[in-house]
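Counting the sequence shown from 1 gives a position; UniProt numbering is that position plus 15. Backbone N, C-alpha and C fix where the C-beta goes; we use that ideal spot for every residue, glycine too. Computed from a predicted model, the values in this text were never measured in an experiment. Below: the structure, in structure tokens.
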Amino acid sequence: NLPIAALAAACEQYPKPEGHLYSYGTAGFRSHSKWFEPVVFRVGVIAALRSKRHSSKFIGVMITASHNPEDDNGVKIVDPRGEMLQTEWEPYCTKIANAPDPASFITALDDLCTKFKIDVSKRSKVVYAYDTRPSCPALVKALQLGLAAMETETINEGVRTTPQLHYMTRALNTQGTKDDYGEPSIPGYYKKLSSAWKRLIRRREEGSLLIDCANGVGAIAMKELLEYLSDDFKATLVNTDVFVPGVLNNMCGADYVKTKQELPPSLKGVLKAGQRGCSLDGDADRLMYYYLDEKNIFHMLDGDKISALIAGYLVEKVKLCGFKEPPRVGVVQTAYANGNSTKYMQKTKALPLVCVSTGVKHLHHAAEKFGIGVYFEANGHGTVLFSSDTLENIRKHEPQTPTQDDNTKDLKALIDLINSTVGDAISDMLLVEVILNHLRYDARAWDSLYTDLPNKLVKVNVKNRADFQTEVAERRLTHPAELQRFVDSQVAKYPDGRGFIRPSGTEDAVRVYAEAASKFEAEQLANYLAGWTY
Ligand code: 16G
Ligand code: ZN
């Protein structure tokens, strides 16, 4: 049975603030950090139960609010294979987090145990980590109390990137099995990436890559990784003020670059024309690339461009390996994917492509259906998945020529270089650099794969985002129907026009996206749609 006395006592220590509602959304719980200790305490208890449900496998807990402001915080649960928490648990998490008092908290936990037939007598194991936010230490304490109440075996990984925590969770659970994901330690993570990199990189790069670390945990991880990469990788780190209050994600980082479509001010005069730069977000799971041309004009290489580069490269790589039955390379995008990226993948590269709703879990699951699934959100979050059949196929493959042999070795190293558990800015960045190196591309050559259609994203605050319902992977509204008719009538006026309105999964707002043949038209269309009158 549940340790009711211990749970009730701990719950008293972290009373739920009245009138504040939490919801386990696309990226777990997220809110201003001052409301957050009670939630994190309860997540500790849920994570322990999740571990029991999975025969005492390690469950991960990550405390971070990613690209959001420094005063916010968030928490999410990571499943045994390093994936996002199974969706069916989300409403139960919400219920447990909002239980007003210890008695209803215990009842909500009981409901969860009954629903998922949890054997409470099993042991539980949880591995956790947190980002650099000043609110983290207090939240970690709350988490620890929840875990202690459940007598959970814990590993505290300290200040780590979100993808490192996902890696750890999977590595701990696969250690010594045929699916061994690597040494379950942070040095193990660096060793895996750096040795794959060393196998893959062909000639020493001359220029240095400028990496904007958003003043977040990515700065710590990058510094550590650089030690392992030694001379083979030249990078200059900027925005590395990890423990200076107020600077996290402030006027820098991947989200700044994507939403403003401009160079962070701190990189002006630092990034040289032609040099590649990239920005991580606050927990290092998003990546945006960019460069300045010879006229100092800014060009952004977003998640779609990264995806196009990777998918195009992998499809050719697979051909060179000489498989009897080559794995099928496919691409997953969301409604935000630039129209020309979709065209490039489907028409130029003949890649199978699916479009799904926003949020990593949707992309991840769709990508699992391909032999090799490349998924990226335009905002720079993404990775590559290799199905177990594909991994088996590669393991058994007997190359017939030296070229095939070499390419198969490359493919194996690529699998090690890629953090398949979740989008990982650092692993993705190494992957991009390797591909550019193999193709002998500079930023401009990469950029010229296709030209982005000008686009604009606008946020409109609304009272109730549940009033807005969508279909076909959020590309159309079913409710309000008259609003969709309005969207259709406006979009029809623009050549190459496309637009949609979707409710945010993280804020009380709807997002309005438009693209069109020119910047002026894209902005005009977005503004019309945002100021709808129907
Ligand atoms: C979350 C998602 C991100 C998505 C964003 C959309 C995860 C881990 N993160 O941050 O993938 O792009 O939400 O936010 O799934 P929105 O629904 O507010 O537009
Ligand atoms: Zn993030």
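Judged by their CB atoms, M99 and H379 are nearer to each other than the 8 Å cut-off. When the beta-carbon positions are compared, L329 and V389 come within less than 8 Å of each other. Taking C-beta atoms under 8 Å as the contact rule, T255 and L225 fail to qualify, at a distance of about 12 Å. Taking one beta carbon from each stretch, the segment 16–35 and the segment 152–161 have 3 or more pairs nearer than 8 Å; the two touch. Considering only Y306, S442 and V58, the residue with the shortest C-alpha distance to P106 is V58.
Straight through space, the alpha carbons of Y143 and K67 are spaced by roughly 16 Å.
A straight-line Cα-Cα distance of about 19 Å links Q499 and T373. Per the C-alpha coordinates, the member of Q276, I235 and A269 positioned closest to F258 is I235. Here D227 carries a strand assignment [DSSP, helix/strand/coil]. Within the DSSP secondary-structure output, L406 pairs in no beta bridge. Annotation for G59 indicates a beta carbon at 7 Å or more from all heavy atoms of ligand 2.
Here N254 carries a coil assignment [DSSP, helix/strand/coil].
Taking 7 Å as the cut-off, the C-beta of H396 counts as close to a heavy atom of ligand 1. Around the C-beta of V93, 16 or more other C-beta atoms lie within 10 Å, and the residue is accordingly described as buried.
Look at F120 here: in three-state DSSP terms it is helix.
In the DSSP assignment, L368 forms a beta bridge with V346. A42 has its CB nearer than 7 Å to a heavy atom of ligand 1. Between A288 and D317, the beta carbon gap of about 20 Å keeps them out of contact (Cβ cut-off 8 Å).
Within the same chain, P279 come within 6 Å of Y271 by CB-CB distance, once the 5 residues on both sides are set aside. Counting C-beta pairs closer than 8 Å gives fewer than three between the segment 32–40 and the segment 68–80, which falls short of the contact rule. The alpha-carbon separation between E448 and C336 amounts to approximately 21 Å. If you draw a straight line from the Cα of G512 to the Cα of K534, it comes to about 11 Å. Of the candidates L400, S210 and G173, the residue whose Cα lies closest to the Cα of D425 is S210.
Under the 10 Å beta carbon count, S223 is surrounded by fewer than 16 other beta carbons and is classified as exposed.
Measuring C-alpha to C-alpha distances from G75 to each of H82, K132 and V60 identifies V60 as the nearest.
Sequence-distant Cβ neighbours of E172 in its own chain, meaning closer than 8 Å and more than five residues away, are V142, Y143, A144, Q179, L180, M183 and I201. A straight line joining the alpha-carbon of R526 with that of V371 spans about 16 Å. Ligand 1 has a heavy atom closer than 7 Å to the beta-carbon of K376. Between ligand 1 and E242, a heavy atom-to-CB distance of less than 7 Å is absent. When secondary structure is reduced to three states using DSSP, L295 falls in the strand class. Taking C-beta separations shorter than 6 Å and ignoring five residues to either side along the sequence, the partners of A382 in its chain run V347, G388, Y390 and L400, following chain order. Rounded to whole angstroms, the gap between the alpha carbons of E536 and F501 is 17 Å. Look at M183 here: in three-state DSSP terms it is helix.
Set against 7 Å, the gap from the CB of T177 to the closest heavy atom of ligand 2 is smaller.
In the displayed model, R500 falls within a helix according to three-state DSSP.
The C-alpha of A80 is placed about 8 Å away from the C-alpha of G297.
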